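A.B. asks: Please see the structure below; I have some questions.
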Amino acid sequence: MNQKQIYEEIVEWLRINGHTLPEGGAAEQIGFFGEPLKLNYRDMMYLCAFLEARYGIHFTPQDMDAPAFYTPQGLSARTAEHILE
Numbered sequence: 524m525n526q527k528q529i530y531e532e533i534v535e536w537l538r539i540n541g542h543t544l545p546e547g548g549a550a551e552q553i554g555f556f557g558e559p560l561k562l563n564y565r566d567m568m569y570l571c572a573f574l575e576a577r578y579g580i581h582f583t584p585q586d587m588d589a590p591a592f593y594t595p596q597g598l599s600a601r602t603a604e605h606i607l608e
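524 is the number of the first residue of the sequence shown in our numbering; add one for each residue after it.
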């Protein structure tokens with residue numbers, strides 16, 4: 524699973540759950556972290572739980588302290604890194 528595929532799954536999760544993608548968040552801009560997700564705490568935790576269950580990973584407090592973690596690209600990058608660990 525590569526970062527772009529993870530990014531596309533995040534975008535699909537957002538769409539299914541009634542959220543819109545932040546401005547500047549095109550999959551082609553995978554190296555650009557873009558705008559932060561506009562999610563409340565509960566929805567962000569649901570998204571993280573979805574990714575953790577889907578890929579058998581666990582996000583750490585250090586992950587959640589990084590501002591890039593709250594962007595679609597940053598979250599997909601961190602997920603991909605955990606998969607490779």
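Even for Gly, the Cβ is constructed at its ideal location relative to N, Cα and C. Nothing here was measured: the structure is a model prediction, and the numbers come from that model.
1. Straight-line CA distance for residue 529 to residue 541?
2. Buried or exposed for residue 539, going by 16 or more other Cβ atoms inside 10 Å?
3. Quick check: the Cα distance between residue 586 and residue 595, rounded to an integer number of angstroms?
4. Are there three or more Cβ pairs, one per stretch, closer than 8 Å when the segment 601 to 608 is compared with the segment 556 to 567?
5. In angstroms with no decimal places, state the Cα-to-Cα distance between residue 525 and residue 583.
6. When burial is assigned at 16 or more other CB atoms within 10 Å of the CB, is residue 572 buried or exposed?
C.D. replies: So, from the listed chains and residues:
1. For the purposes of this step, residue 529 is taken as the residue at position 6 of the sequence shown. For the purposes of this step, residue 541 is taken as the residue at position 18 of the sequence shown. CA-CA distance, residue 529 to residue 541, rounds to 18 Å.
2. Indexing the sequence shown from 1 puts residue 539 at position 16. Burial call: exposed.
3. As a working note, residue 586 is residue 63 in the sequence shown. As a working note, residue 595 is residue 72 in the sequence shown. Straight through space, the alpha carbons of residue 595 and residue 586 are spaced by roughly 14 Å.
4. In short, these stretches do not touch, since the Cβ pair count stays below three.
5. Counted from its first residue, the sequence shown places residue 525 at position 2. Counted from its first residue, the sequence shown places residue 583 at position 60. Distance from the CA of residue 525 to the CA of residue 583, rounded to the nearest whole angstrom, comes to 20 Å.
6. What you label residue 572 is simply residue 49 of the sequence shown in a count that begins at 1. Per the 10 Å Cβ criterion, exposed.
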